[in-house]
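Peer 1: To start, I am sharing the structure in question, which I have written as structure tokens.
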């Protein structure tokens, strides 16, 4: 199956991992190896820890700062694009997955795209075809690709989120503030999702969490929210 993988579209893969979460480092490394992603494309980014954020959950602010720093690194290194992964990303173990991802990449290559999801909690989408979505409203930042021309835009959005969190805007999060960008820009996603958020201890939520169902929402369910 490994011979079927083709990661030529992706310039770099960066996964975000807290120093103390060695267990997740091992897990995500195994995932990337299983997907036959070339080792020279892979880079670990040590997640930013925040010890004091004025009462807001420390993990939430550290998460946004980490994602922003990854994009700043991608911009500095002049990468064509970057696949950003959180260390709890788990890819589906399906024989058809290599072909599905390859087909998704081929479609992206023929489009003008800003951000592309390999996995997300889709709510409002427009179906381009049976396996390609134009994303208008989605949560979860555990697996997304950012095109180089869009680095500045998303970095600015994350900076706005950080400011809101530090000022005590509790409802503001990384994957809620970016929704306004989806309304006007070119965000796409693979369907069905290529993976999901691995259940387990969440440093952001402060306990055990299983959000698997967020990644298995059907088109019929999404139509309830306004998808078509």
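In my numbering, the protein residues as written are 9 to 236. The C-beta atom is built at its ideal place from N, Cα and C for all residues, glycine as well. Bear in mind the structure is a predicted one, so any value in this text is a computation, not a measurement.
(1) Using C-beta distances below 7 Å, list every residue in its chain close to residue 136, excluding the 5 sequence neighbours before and after it, in chain order.
(2) Considering only residues of the same chain and omitting the five flanking positions on each side of residue 117, which have a CB-CB separation below 7 Å?
(3) Looking at the secondary structure, which residues open and close the beta strand (DSSP E) in which residue 94 lies?
(4) For residue 173, count the other beta carbons within 10 Å of its own beta carbon; 16 or more makes it buried, fewer makes it exposed. Which is it?
(5) Identify which residue in 49, 190, 103 and 107 has its Cα closest to the Cα of residue 92.
(6) Grab me the residues of residue 234's own chain with a C-beta within less than 7 Å of its C-beta, minus the 5 sequence neighbours each way, in chain order.
(7) Please state whether DSSP places residue 61 in a helix, a strand or coil.
(8) According to DSSP, is residue 127 part of a helix, a strand, or is it coil?
(9) Suppose the cutoff is 6 Å on Cβ atoms and the five residues either side in sequence are ignored; what does the same chain contact list for residue 33 look like?
(10) Using the C-alpha atoms, what's the distance from residue 36 back to residue 183?
(11) Which residues mark the beginning and the end of the alpha helix (DSSP H) in which residue 203 is found?
(12) Could you check where the alpha helix (DSSP H) with residue 113 kicks off and where it finishes?
(13) Of the residues 169, 104 and 122, which one's Cα is nearest the Cα of residue 180?
(14) When you compare each of 13, 95 and 83 to residue 38 by their alpha carbons, which one comes out closest?
(15) Would you call the region 109-126 and the region 140-157 touching, i.e. three or more CB-CB distances under 8 Å?
(16) Leaving aside the five residues before and after residue 140 along the sequence, list all residues of the same chain whose C-beta is less than 6 Å from its C-beta, in chain order.
(17) Would you please state the rounded distance, in angstroms, between the beta carbons of residue 206 and residue 98? I believe it to be under 8 Å.
Peer 2: This is what the structure gives:
(1) Reading the chain shown from its first residue, position 128 is the one you call residue 136. Within the same chain, and ignoring the five residues on either side of residue 136 in sequence, the residues whose Cβ sits closer than 7 Å to its Cβ are 142.
(2) The count along the chain shown starts at 1 and reaches residue 117 at position 109. Excluding positions up to five away in sequence, the list reads 17.
(3) Reading the chain shown from its first residue, position 86 is the one you call residue 94. Per DSSP, the continuous beta strand (DSSP E) segment holding residue 94 begins and ends at 89-94.
(4) Walking along the chain shown from the start, residue 173 turns up at place 165. Looking at its Cβ environment, which holds 16 or more other Cβ atoms inside 10 Å, residue 173 is buried.
(5) Your numbering for residue 92 matches position 84 in the chain shown. The option with the nearest alpha carbon to residue 92 is 49.
(6) Here the question's residue 234 lines up with position 226 in the chain shown. Closer than 7 Å at Cβ, skipping near neighbours: 132.
(7) In the chain shown, residue 61 corresponds to position 53, counting from 1. In this prediction, residue 61 has a pLDDT of 47, which is less than 50 and means its spatial position is unreliable; what the coordinates show is noted afterwards. Three-state DSSP puts residue 61 in coil, outside helix and strand.
(8) As a working note, residue 127 is residue 119 in the chain shown. In this structure, residue 127 counts as coil in the three-state DSSP scheme.
(9) Locating residue 33 in the chain shown gives position 25, counting from the first residue. Same-chain partners within the cutoff: 25.
(10) Taking the chain shown and counting its residues from 1, the one referred to as residue 183 is at position 175. Taking the chain shown and counting its residues from 1, the one referred to as residue 36 is at position 28. Cα to Cα, the separation comes out at about 21 Å.
(11) The count along the chain shown starts at 1 and reaches residue 203 at position 195. Per DSSP, residue 203 belongs to no alpha helix (DSSP H); it is in the beta strand (DSSP E), 203-205.
(12) Looking up residue 113 in the chain shown gives position 105. Annotation for residue 113: the continuous alpha helix (DSSP H) segment containing it runs 105-117.
(13) For this step, residue 180 is matched to residue 172 along the chain shown. Closest option to residue 180, Cα to Cα, is 169.
(14) Residue numbering aside, residue 38 sits at position 30 when the chain shown is read from its first letter. Relative to the Cα of residue 38, the nearest Cα in the group 13, 95 and 83 belongs to 95.
(15) Output reads yes: the region 140-157 touches the region 109-126.
(16) Along the chain shown, read from residue 1 onward, the residue named residue 140 stands at position 132. Within the same chain, residue 140 has close Cβ partners 115.
(17) Taking the first residue of the chain shown as 1, we reach residue 206 at position 198. Taking the first residue of the chain shown as 1, we reach residue 98 at position 90. Between residue 206 and residue 98, the beta carbon gap of about 4 Å places them in contact (Cβ cut-off 8 Å).
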